[in-house]
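Worksheet: the structure to be examined is printed underneath.
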Amino acid sequence: MLRAIIPAALFIVLAGFLWIGLYKDPSLVPSPLIGKPVPEFTLSTLKDPTKNITQADFAADYALINVWATWCVACKQEHQALLNLAAQGVPIFGLNYKDDRQSAIQWLLEDGDPYVMSAFDESGRVAIDFGVYGAPETFLIDRQGIIQHKLIGVMTPVIWQNQFVPKINQLAAAPTQSYE
Amino acid sequence: MNKIIALFVCLLATQLVYAEIINVQPQYEDRYQSLLEELRCLVCQNQTLADSSSELATDLRVQVKDMLEQGSSDQQILDFMSARYGDFVLYTPPVKSHTLFLWLGPFALLLIGVVTALWMIAQRAKQAPTISEADQQRLHNLLADQDTGEK
Chain U
4 MLRAIIPAAL FIVLAGFLWI GLYKDPSLVP SPLIGKPVPE FTLSTLKDPT KNITQADFAA
64 DYALINVWAT WCVACKQEHQ ALLNLAAQGV PIFGLNYKDD RQSAIQWLLE DGDPYVMSAF
124 DESGRVAIDF GVYGAPETFL IDRQGIIQHK LIGVMTPVIW QNQFVPKINQ LAAAPTQSYE
Chain H
19 MNKIIALFVC LLATQLVYAE IINVQPQYED RYQSLLEELR CLVCQNQTLA DSSSELATDL
79 RVQVKDMLEQ GSSDQQILDF MSARYGDFVL YTPPVKSHTL FLWLGPFALL LIGVVTALWM
139 IAQRAKQAPT ISEADQQRLH NLLADQDTGE K
């Protein structure tokens, strides 16, 4: 009897692990930065090289930091979603990542600019501090500048509703206020 | 034939595009190489920073080089990387509660294997065929007969 049960049990355990593995995306690596303050940085703004932007500029009840680049195809996909969020009053800051300044400005002129402002990270050094490993990535930070959530990949209305809105509502001082 | 040779030369030449030049000062070369072998590239996850030709890997190699030249210790560099990208970038993950299975799992499996093997051997020893007194006597006689028969 035992002789039949043990291999069957081992098989079920192994199959269980493999089954769970099917639904996990190995490219999504949890960020150790969640719960930590936004990294300190000083960069020039995308549109005006003489103007600086630092983490202090993110001060708001909450803000999104979106890592984008003109060479990033998926960034093009989420652009409309970001424009819609910006139109609803969501403050989005851009981190333009390893890009060409002129092409980036051109892109915003042609396709619309969802960003309060964008930082221009030509070398990608600041992005390393943010733990960026692929654009697009979107961080949610709270009033104290603590990173509350990180999305790797394309922002969609569904992801916004499911992942971001609940967090933002939690953060909001007045629980009745909704950011939908 | 010449066209084929030309084609191969062109194909080989494409490799040169990836040969970036990061000049590490010779006194840091060994540590630089071993650190790159120790760090995972998050873009192509089964490659080390040394193997990967992704842009991020290049940037991180420059980061490692700069930190070495600024006098950072190996541990400081590994800490820098894991603070930003998580323990997953380390090919030797630290012993923590959620990596315990990773560290102890193989030994636990080995232990289970050894215990199972010992148990099976013990079982088998118990089941060793026993011969009754009468059979033993018959066997003895048979062997004795055979011996005399051969003579």
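These protein sequence lines are chains U and H, in that order.
So for the first sequence, my numbering puts the first residue at 4; every next one is plus one.
So for the second sequence, my numbering puts the first residue at 19; every next one is plus one.
Beta carbons: idealized from backbone N, C-alpha and C, even for Gly.
Members of the segment 130-160 of chain U that neighbour chain A once the beta carbon cut-off is set at 7 Å: Absent from the structure: chain A. Protein chains present are U and H.
Secondary structure at residue 64(U), three-state DSSP: helix, strand or coil? The residue given as residue 64(U) occupies position 61 in the first sequence. Three-state DSSP puts residue 64(U) in coil, outside helix and strand.
Using a beta-carbon distance cut-off of less than 8 Å, what residues from the segment 166-177 of chain U approach chain H? Under the 8 Å Cβ criterion, the segment 166-177 of chain U contributes no residue.
Does DSSP classify residue 108(H) as helix, strand or coil? Residue 108(H) sits at position 90 when you count from the first residue of the second sequence. Looking at residue 108(H) - three-state DSSP - the assignment turns out to be strand.
Give me the Cα-Cα distance between residue 60(H) and residue 138(H), rounded to the nearest whole angstrom. For the purposes of this step, residue 60(H) is taken as the residue at position 42 of the second sequence. For the purposes of this step, residue 138(H) is taken as the residue at position 120 of the second sequence. Rounded to whole angstroms, residue 60(H) to residue 138(H) spans 45 Å at the Cα level.
In the DSSP assignment, find the unbroken beta strand (DSSP E) run with residue 50(H) in it and report its ends. By one-based count along the second sequence, residue 50(H) stands at place 32. Residue 50(H) -> not in any beta strand (DSSP E); alpha helix (DSSP H) instead, spanning 47-56.
Using the rule of at least 16 other Cβ atoms within 10 Å of the residue's Cβ for burial, across every protein chain shown, is residue 56(H) buried or exposed? Taking the second sequence and counting its residues from 1, one reaches residue 56(H) at position 38. Its Cβ being crowded by 16 or more others within 10 Å, residue 56(H) is buried.
Check this for me: beta carbons of residue 138(U) and residue 94(U), under 8 Å apart or not? Counting from one through the first sequence, the residue named residue 138(U) turns up at place 135. Counting from one through the first sequence, the residue named residue 94(U) turns up at place 91. No, the pair does not count as a contact, with Cβ atoms beyond the cut-off.
Beta carbon proximity, residue 65(H) to chain U, threshold 8 Å: Along the second sequence, one-based indexing puts residue 65(H) at 47. Interface residue (Cβ-Cβ distance to chain U less than 8 Å): residue 65(H) is not classified as such.
Please report the distance separating the alpha-carbon of residue 116(H) from that of residue 76(U). In the second sequence, the residue the question calls residue 116(H) occupies position 98. In the first sequence, the residue the question calls residue 76(U) occupies position 73. Straight-line Cα distance between these residues: approximately 35 Å.
Does the separation of the CB atoms of residue 101(U) and residue 73(H) fall below 8 Å? Translated into positions along the first sequence, residue 101(U) becomes position 98. Translated into positions along the second sequence, residue 73(H) becomes position 55. Against a cut-off of 8 Å, the Cβ pair of residue 73(H) and residue 101(U) comes out as a contact.
Counted within 10 angstroms of its Cβ, other Cβ atoms place residue 78(U) as buried (16 or more) or exposed: Counted from its first residue, the first sequence places residue 78(U) at position 75. Of the other Cβ atoms in all chains shown, 16 or more fall within 10 Å of the Cβ of residue 78(U); this residue is therefore buried.
Using 10 angstroms around the beta-carbon of residue 46(U), count the other beta-carbons present and answer buried if the total reaches 16, otherwise exposed. For the purposes of this step, residue 46(U) is taken as the residue at position 43 of the first sequence. Counting of Cβ neighbours within 10 angstroms places residue 46(U) among the buried residues, the total reaching 16 or more.
Tell me which residues share the same chain as residue 62(U) and place their Cβ nearer than 8 Å to its Cβ, disregarding the 5 neighbours each side in the sequence. Numbered from 1 along the first sequence, position 59 holds the residue referred to as residue 62(U). Taken in chain order, the residues that qualify are 146 and 148.
Measuring CB to CB, does residue 130(U) end up less than 8 Å from residue 49(U)? For the purposes of this step, residue 130(U) is identified with residue 127 of the first sequence, where counting begins at 1. For the purposes of this step, residue 49(U) is identified with residue 46 of the first sequence, where counting begins at 1. The answer is no: Cβ separation not under 8 Å.
I'd like to know whether the C-beta of residue 48(H) is nearer than 8 Å to at least one C-beta of chain U. Working through the second sequence from its first residue, we reach residue 48(H) at position 30. Residue 48(H) is outside the set of residues whose beta carbon lies under 8 Å from a beta carbon in chain U.
Please confirm whether residue 141(U) and residue 69(U) have their CB atoms less than 8 Å apart. Here residue 141(U) refers to the residue found at position 138 of the first sequence. Here residue 69(U) refers to the residue found at position 66 of the first sequence. Against a cut-off of 8 Å, the Cβ pair of residue 69(U) and residue 141(U) comes out as a contact.
Can you find a heavy atom of the ligand MG that lies under 7 Å from the Cβ of residue 26(H)? No copy of the ligand MG appears in this structure; indeed no ligand is present at all.
Where in the segment 118-151 of chain U do unbroken runs of the beta strand (DSSP E), each at least 3 residues long, occur, reported from the N-terminal end onward? The segment 118-151 of chain U contains, as complete beta strand (DSSP E) runs of 3+ residues, the segments 121-124 and 140-145 (chain order).
Around the C-beta of residue 109(H), are 16 or more other C-beta atoms found within 10 angstroms, so that it is buried, or is it exposed? Taking the first residue of the second sequence as 1, we reach residue 109(H) at position 91. Answer is exposed; the Cβ neighbour count stays below 16.
Starting from residue 103(H), trace the alpha helix (DSSP H) both ways and give me its first and last residue. Counting from 1 along the second sequence, the entry for residue 103(H) is found at position 85. Run containing residue 103(H): 92-103, per the alpha helix (DSSP H) assignment.
In the DSSP output, which residue or residues are listed as bridge partners for residue 125(H)? In the second sequence, residue 125(H) corresponds to position 107, counting from 1. Paired residue(s): none; residue 125(H) is not in a bridge.
So, does the CB of residue 103(H) fall closer than 8 Å to a CB anywhere in chain U? Taking the first residue of the second sequence as position 1, residue 103(H) is located at position 85. At least one CB atom of chain U sits nearer than 8 Å to the CB of residue 103(H).
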